[in-house]
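Trainee:
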Amino acid sequence: MKAKIVTLEKANMMGIVYRGKNENNEIPAMWEVFNKRFKEIPNPDMRAFYGLCYGFESGGSFSYMAGLAVDQFETIPNGMEVVERPASKYAVFTFKDKMDKIGQFWDEIYRTYLKENDLTAITGMTFEYYDERFEKTGECDIYIPVL
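Add 40 to a position in the sequence shown, counting from 1, and you land on the number used in this note's numbering.
#1: Is it right to say G107 is buried, meaning 16 or more other beta carbons lie within 10 angstroms of its own, or is it exposed?
#2: Using the Cβ count rule (16 or more neighbours within 10 Å means buried), how would you classify V57?
#3: Give the straight-line distance between the Cα atoms of D111 and Q144, rounded to the nearest whole angstrom.
#4: What are the start and end residues of the beta strand (DSSP E) that includes V56?
#5: With C-beta atoms as the reference, is E179 less than 9 Å away from F135?
#6: Where do the ends of the alpha helix (DSSP H) carrying A127 lie?
#7: Closest by CA to Y170, which one among V132, I162, E156, L159?
#8: Label L187 either buried or exposed according to how many other C-beta atoms from any shown protein chain fall within 10 Å of its C-beta, with 16 as the threshold for buried.
#9: With D147 and A109 assumed to form a contact (beta carbons below 8 Å), what rounded beta-carbon distance in angstroms separates them?
Structure below.
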C-alpha cells in the first residue's frame with residue numbers, strides 16, 4: 041500500500057481520554073460516549089473527528105483520545121481533556137474496511153506498509169482521522185509520524 045507523506049503543524053485536540061491496554065474493547069465503548077458528548081466542546085473544527093494514540097508505556101498501556109480539533113480551550117467540559125498534536129511529518133494510510141478490522145490494519149502498517157514505502161516510524165502521537173468519507177463509506181486515514 042502506497043503511503044501519502046504530509047507535514048502537519050501542531051494542533052490542539054479536546055475530547056475524552058482512555059488510558060489502558062484496550063483489552064476489553066474499551067475504546068469502541070468510549071467512542072459511543074464521545075458521540076453523545078462532542079457537542080459540549082466549544083467552537084470545535086467539525087471537519088473531522090480524531091482518534092489519537094499517545095503516551096505509550098513498556099507494559100502496553102497507552103492513552104487514546106476521541107476528540108476534535110480546537111483553536112481555544114479556555115473552557116474544558118467535565119471529563120474531557122486537551123492534548124497537543126505535535127507538528128511532524130506523517131505517513132498516511134487509508135483504511136477501507138469494516139471497523140472490526142482496523143486493529144489488523146494498524147498491525148499491517150507497522151509490519152509491512154512502512155517497509156514497503158521505505159519509511160521509519162518514530163515515537164510520537166499516531167492518529168485516526170475520520171472525515172465525511174467515514175459516514176459515507178467507512179473510510180478513514182491513519183497517520184504515523186516518520187523520519
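A virtual CB, placed ideally from N, CA and C, is assigned to each residue, including glycine.
Mentor: Based on what the coordinates show:
#1: Locating residue 107 in the sequence shown gives position 67, where the first residue counts as 1. Classification of G107: buried, given that the 10 Å Cβ count is 16 or more.
#2: Within the sequence shown, numbered from 1, the residue matching residue 57 stands at position 17. Buried.
#3: In the sequence shown, the residue the question calls residue 111 occupies position 71. In the sequence shown, the residue the question calls residue 144 occupies position 104. Answer to the nearest angstrom: the Cα atoms are 33 Å apart.
#4: Sequence index remark: in the sequence shown, residue 56 carries index 16 (1-based). The sequence as given places Ile at residue 56; Val does not occur at that position. Unbroken beta strand (DSSP E) run through I56: 51 to 60.
#5: Position 139 of the sequence shown, counting from 1, holds the residue named residue 179. Position 95 of the sequence shown, counting from 1, holds the residue named residue 135. Yes; because the gap between Cβ atoms is below 9 Å, this pair is in contact.
#6: Residue 127 sits at position 87 when you count from the first residue of the sequence shown. It is not in any alpha helix (DSSP H) - A127 carries neither H nor E in the DSSP assignment.
#7: Along the sequence shown, read from residue 1 onward, the residue named residue 170 stands at position 130. Checked all of V132, I162, E156, L159; the closest Cα to Y170 is V132.
#8: Within the sequence shown, residue 187 is the residue found at index 147, counting from 1. The residue is exposed, with fewer than 16 neighbouring Cβ atoms inside 10 Å.
#9: Taking the sequence shown and counting its residues from 1, the one referred to as residue 147 is at position 107. Taking the sequence shown and counting its residues from 1, the one referred to as residue 109 is at position 69. With a Cβ gap of about 27 Å, D147 and A109 do not count as contacting.
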